[in-house]
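Residue numbers (the numbering used here): 40 to 200.
Quick notes on the structure that follows.
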């Protein structure tokens with residue numbers, strides 16, 4: 040009985056620590072390969088139209104990812120049809136090759152800033168689309184199959200005031 044109570048206490052404690060996380064979702068790539076034409080699309084309802092939020096792109100990579108940085112294109116579509124499109128660059132490894140991100144073993148999880156301190160201005164469904172925009176230096180054509188990205192997702196966190 041004491042052990043069960045301790046486990047319940049730990050679960051409540053962990054939940055309280057992350058109470059500012061509103062939503063987190065992931066989609067897996069096909070066998071750890073992200074095709075340049077594969078757009079990861081996520082739809083979500085605005086939590087409210089008053090509070091401020093941070094929005095992150097979450098990525099999981101393994102040791103087969105061959106680069107130290109990552110270029111992405113994001114599109115955030117609002118219920119009224121407004122679209123905000125961004126080209127983003129993220130550092131994935133230190134200059135010595137050590138992976139950034141969290142996790143033990145071969146998978147690292149990266150929490151990358153997308154939007155900071157935003158208010159969702161209207162109720163309704165928002166859509167976030169994320170695609171990879173990697174290319175080799177001096178090459179106009181993108182990398183068709185990007186190895187080493189296992190999962191792509193997003194996270195919305197409420198800013199505590």
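For glycine and all other residues, C-beta sits at the position ideal for the given N, C-alpha and C.
| request: Rounded to whole angstroms, what's the CA-CA distance from residue 139 to residue 97? Just pull it up for me. | output: Locating residue 139 in the chain shown gives position 100, counting from the first residue. Locating residue 97 in the chain shown gives position 58, counting from the first residue. So the two alpha carbons sit approximately 13 Å from each other.
| query | In or out: residue 113 buried (at least 16 other Cβ within 10 Å) or exposed? | reply | The residue given as residue 113 occupies position 74 in the chain shown. By the 10 Å Cβ count, residue 113 comes out buried.
| field | Straight-line gap, residue 193 to residue 63 (C-alpha atoms, nearest Å) | value | Along the chain shown, one-based indexing puts residue 193 at 154. Along the chain shown, one-based indexing puts residue 63 at 24. Near 6 Å, if we compare the C-alpha coordinates of residue 63 and residue 193.
| said: DSSP three-state label for residue 76, please. | reply: Stepping through the chain shown from its first residue, residue 76 is reached at position 37. It is coil, neither helix nor strand.
| query | Between residue 154 and residue 146, what straight-line distance do the alpha-carbon atoms span, to the nearest angstrom? | reply | Here residue 154 refers to the residue found at position 115 of the chain shown. Here residue 146 refers to the residue found at position 107 of the chain shown. Going by the C-alpha atoms only, they are around 25 Å apart.
| Same chain, Cβ closer than 8 Å to residue 103, neighbours up to 5 away in sequence not counted | Translated into positions along the chain shown, residue 103 becomes position 64. Excluding positions up to five away in sequence, the list reads 71, 186 and 187.
| field | Alpha-carbon spacing of residue 162 relative to residue 93, whole angstroms | value | The residue you call residue 162 lines up with position 123 of the chain shown. The residue you call residue 93 lines up with position 54 of the chain shown. If I take the Cα positions, the gap works out to 17 Å.
| request: Decide if residue 152 is buried, meaning its Cβ has at least 16 other Cβ atoms within 10 Å, or exposed. | output: Mapped onto the chain shown, residue 152 falls at position 113. By the 10 Å Cβ count, residue 152 comes out exposed.
| task | Would you mind working out which of 196, 181 and 132 sits nearest residue 76, comparing C-alpha positions? | result | Residue numbering aside, residue 76 sits at position 37 when the chain shown is read from its first letter. Nearest option by C-alpha distance: 181.
| Cβ pair residue 166, residue 90 closer than 7 Å | As a first step, residue 166 is located in the chain shown; it is residue number 127 there, counting from the start. As a first step, residue 90 is located in the chain shown; it is residue number 51 there, counting from the start. No. Outside cutoff.
| task | Keeping to the same chain, check which residues put their C-beta closer than 6 Å to that of residue 125; ignore five residues upstream and five downstream. | result | Position 86 of the chain shown holds residue 125. Taken in chain order, the residues that qualify are 113.
| task | Would you give the residue range spanned by the beta strand (DSSP E) that residue 153 belongs to? | result | If you number the chain shown from 1, residue 153 lands on position 114. Counting along the chain, the beta strand (DSSP E) containing residue 153 begins and ends at 147-157.
| Bounding residues of the beta strand (DSSP E) (the contiguous stretch that carries residue 282) | The structure shown does not extend to residue 282, since the chain spans only 40 to 200, so no value can be given for it.
| Cβ distance (whole Å) where residue 95 is taken to contact residue 173 below 8 Å | As a first step, residue 95 must be located in the chain shown, where it is residue number 56. As a first step, residue 173 must be located in the chain shown, where it is residue number 134. The pair is not a contact, with the Cβ atoms about 20 Å apart (cut-off 8 Å).
| field | Every unbroken beta strand (DSSP E) within the stretch 114-145, with a cutoff of 3 residues, ordered by chain | value | 122-130
| query | Mapping DSSP to helix, strand and coil, what is residue 89? | reply | Working through the chain shown from its first residue, we reach residue 89 at position 50. Correct three-state label for residue 89: coil.
| request: Check whether the Cβ atoms of residue 168 and residue 80 lie closer than 7 Å to each other. | output: For the purposes of this step, residue 168 is taken as the residue at position 129 of the chain shown. For the purposes of this step, residue 80 is taken as the residue at position 41 of the chain shown. Contact annotation: residue 168 and residue 80 have beta-carbon atoms nearer than 7 Å.
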